[in-house]
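For what it's worth, UniProt numbering labels the leading residue of the sequence shown as 1, then goes sequentially.
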Amino acid sequence: MTTLNSPHDRFFKAVFGRAEVAAEFLERYLPAAAVQALDWKTLRAAKDSFLDPELVLHPADLLYAVDLHGGGTSYVHVLFEHKSYVESRIGLDLLRYRVRIWEQWLNAGNAGRLPVIVPVVVYHGTATWGVSQQFADEVVDAPGLRAYVPACLYHLIDLSGYRDDELQGAVMLHTALLTLKYIFRDELRDRLPEILGLLRDLAQSSNGLDYVRTLLRYLAQAASIDRLTGDELRQAVTQTLSGGGELMLTIAEQWEQQAMEKGIEKGMEKGIAKGIEKGIEKGEARLLTQLLTWRFGPPPAWVETKLAHAEPALMEAWAKRVLDAQTLDAVFVERG
């Protein structure tokens, strides 16, 4: 599997790797004819191994399978571009990907006509996207031979070309699109309170908290110090999230404490990322304590000890058992 070295790639794949986010995004921003042809309730991520591991031009590629309303399966292939320059051979790259997907589809034992592949490019760079959206424009124009050159269209979603009120969706999608739009811009400082304010409507669940962690880590790692200093980011988080629910308040309080103890302003990535982890871990433990109390009454001391020293992944596993477990012990039983 390709290593994602860019924080932009990691953020995009973490967010749009969620089938529900990807389905909402594509249904909103693909052309109407394509939207009507596909059953978005069936969208699911295709296996990573379906793409040729040697074709690693775009490490943040995502491939989804989605059923056609008329029967059969199609694919939507998304490339994410964050470069400061526009990739001039994107049409050729997409054509190569399509051929590899079809080849592997056949090698998997499938028969009949090849599935439709819808190529999508998501771009949020600062340079103007001036590349044609069809492969045929990369080939010499010979009038008598045009019929032999495939058009191979792709759909471009250039976030810089959308107004803020056009970048809509549920909280995860909405905040992700706005963040990606402004991450390279000086306006990020002014837009950040509005973006973070949307998080207060996020469901206070393990998935919601995981997304908060992902978004704040991305801001800490990817925002230029010239656009947003560590202290400005800390202030925006503590002031905005403190107006949300209890878990958001916990995150805000931990950021404030982390700033005083460690000095966040000395390093955005190290100090802030650690503050994020501590705040969210404490919030997860507090939420799990509330759920346990609701099901089984005030938890005994041994439970509080477990919660105080548990890793986030373990707390998430316990939280998933709370609603179905018949006894308190069943929540914490060791499973092989």
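Every residue, glycine too, gets a C-beta built ideally from N, C-alpha and C.
Between which two residues does the beta strand (DSSP E) carrying residue 380 extend? An answer regarding residue 380 cannot be provided, because it is not within the stretch 1 to 336 covered by the chain.
Nearest by alpha-carbon distance to Pro-115: which of Gly-125, Leu-215, Glu-103 and Thr-126 is it? Walking along the sequence shown from the start, residue 115 turns up at place 115. Closest by alpha carbon: Glu-103.
If I measure Cβ to Cβ from Gly-169 and keep anything under 6 Å in the same chain, skipping five residues before and after, which residues do I get? If you number the sequence shown from 1, residue 169 lands on position 169. Taken in chain order, the residues that qualify are Glu-24.
Decide if Ala-147 is buried, meaning its Cβ has at least 16 other Cβ atoms within 10 Å, or exposed. Taking the first residue of the sequence shown as position 1, residue 147 is located at position 147. The residue in question, Ala-147, is exposed, as its Cβ has fewer than 16 Cβ neighbours within 10 Å.
State the start and end residues of the unbroken alpha helix (DSSP H) segment that holds Asp-141. For the purposes of this step, residue 141 is taken as the residue at position 141 of the sequence shown. Looking at the DSSP string, Asp-141 is not in any alpha helix (DSSP H), and its letter there is neither H nor E.
What three-state label does DSSP hand Arg-234 in the structure shown? Position 234 of the sequence shown holds residue 234. It is helical.
From Ala-325 to Thr-293, what distance separates their C-alpha atoms? For the purposes of this step, residue 325 is taken as the residue at position 325 of the sequence shown. For the purposes of this step, residue 293 is taken as the residue at position 293 of the sequence shown. So the alpha carbons of these two residues sit roughly 13 Å apart.
When DSSP labels each residue in this structure, what does Ile-276 get in the three-state scheme? Your numbering for residue 276 matches position 276 in the sequence shown. The pLDDT assigned to Ile-276 is 47, lower than 50, so where the model puts this residue is not dependable, and the model offers no usable value.
Let me know if Pro-298 comes out buried or exposed under the rule of 16 or more other beta-carbons within 10 Å of its beta-carbon. For the purposes of this step, residue 298 is taken as residue 298 along the sequence shown, with counting starting at 1. Label assigned to Pro-298: exposed.
Which word fits Arg-44, buried or exposed, when buried means at least 16 other C-beta atoms lie within 10 angstroms of its C-beta? On the sequence shown, position 44 is the one that residue 44 refers to. The residue in question, Arg-44, is exposed, as its Cβ has fewer than 16 Cβ neighbours within 10 Å.
Go ahead and label Asp-329 buried or exposed: buried means 16 or more other beta carbons lie within 10 angstroms of its beta carbon, across all protein chains shown. Translated into positions along the sequence shown, residue 329 becomes position 329. It is exposed - the Cβ of Asp-329 has fewer than 16 other Cβ atoms within 10 Å.
Is the beta carbon of Val-122 sitting closer than 8 Å to the one on Val-78? In the sequence shown, residue 122 corresponds to position 122, counting from 1. In the sequence shown, residue 78 corresponds to position 78, counting from 1. Going by C-beta atoms, Val-122 is nearer than 8 Å to Val-78.
Closest by CA to Asp-9, which one among Arg-234, Ala-313, Cys-152 and Phe-80? One-based indexing of the sequence shown puts residue 9 at position 9. When each option's Cα is compared against that of Asp-9, the closest is Phe-80.
Specify the secondary structure class of Lys-266 as computed by DSSP and reduced to three states. Working through the sequence shown from its first residue, we reach residue 266 at position 266. Below a pLDDT of 50, predicted positions are generally treated as unreliable, and Lys-266, at 47, falls in that range; no measurement from the model is reported.
Under 6 Å Cβ to Cβ from Leu-202, same chain only, skipping five residues before and after it: list those, please. The residue labelled residue 202 in the question sits at position 202 within the sequence shown. Hits under 6 Å: Val-171 and Gly-208.
Taking only three categories from DSSP, how would you classify Leu-106? Numbered from its first residue, the sequence shown carries residue 106 at position 106. Correct three-state label for Leu-106: helix.
Just tell me which of Leu-62, Phe-12 and Ser-74 has its CA closest to the CA of Leu-38. What you label residue 38 is simply residue 38 of the sequence shown in a count that begins at 1. Answer by Cα proximity: Ser-74.
Beta bridge counterpart(s) of residue 422 as assigned by DSSP: In the structure as shown, the chain starts at 1 and stops at 336, and residue 422 therefore has no counterpart that could be examined.
Between Trp-129, Asp-158 and Ala-136, which lies nearest to Tyr-182 when the distance is taken from Cα to Cα? Here the question's residue 182 lines up with position 182 in the sequence shown. If we check each option's Cα against that of Tyr-182, Asp-158 comes out closest.
Neighbour-count burial assignment, Asp-61, 16 or more Cβ in a 10 Å radius: Taking the first residue of the sequence shown as position 1, residue 61 is located at position 61. By the 10 Å Cβ count, Asp-61 comes out buried.
Leu-159, enclosing alpha helix (DSSP H) - first and last residue: Taking the sequence shown and counting its residues from 1, the one referred to as residue 159 is at position 159. Segment: none, Leu-159 is in no alpha helix (DSSP H) and carries neither H nor E.
Just to confirm before moving on: does the CB-CB distance between Glu-232 and Arg-189 stay below 8 Å? Position 232 of the sequence shown, counting from 1, holds the residue named residue 232. Position 189 of the sequence shown, counting from 1, holds the residue named residue 189. In contact: Glu-232 and Arg-189 (Cβ atoms closer than 8 Å).
Is the beta carbon of Thr-214 sitting closer than 8 Å to the one on Ala-14? Taking the sequence shown and counting its residues from 1, one reaches residue 214 at position 214. Taking the sequence shown and counting its residues from 1, one reaches residue 14 at position 14. Yes, the Cβ-Cβ distance between Thr-214 and Ala-14 is below 8 Å.
Closest by CA to Ser-6, which one among Cys-152, His-82 and Val-66? Counting from 1 along the sequence shown, the entry for residue 6 is found at position 6. Comparing Cα positions, the closest option is His-82.
Rounded to whole angstroms, what's the CA-CA distance from Arg-100 to Glu-187? Just pull it up for me. Reading the sequence shown from its first residue, position 100 is the one you call residue 100. Reading the sequence shown from its first residue, position 187 is the one you call residue 187. Arg-100 and Glu-187: Cα-Cα distance of roughly 40 Å.
Nearest CA to the CA of Tyr-211: which residue from His-174, Asp-164, Thr-42 and Arg-321? Translated into the one-based positions of the sequence shown, residue 211 becomes position 211. Nearest of His-174, Asp-164, Thr-42 and Arg-321 to Tyr-211, Cα basis: His-174.
Just the Cα atoms here: how many angstroms apart are Thr-327 and Glu-311? Translated into positions along the sequence shown, residue 327 becomes position 327. Translated into positions along the sequence shown, residue 311 becomes position 311. Taking the straight line joining both Cα atoms gives about 22 Å.
Taking the alpha-carbon positions, what's the Glu-20 to Lys-41 distance? If you number the sequence shown from 1, residue 20 lands on position 20. If you number the sequence shown from 1, residue 41 lands on position 41. Each residue's alpha carbon lies about 9 Å from the other.
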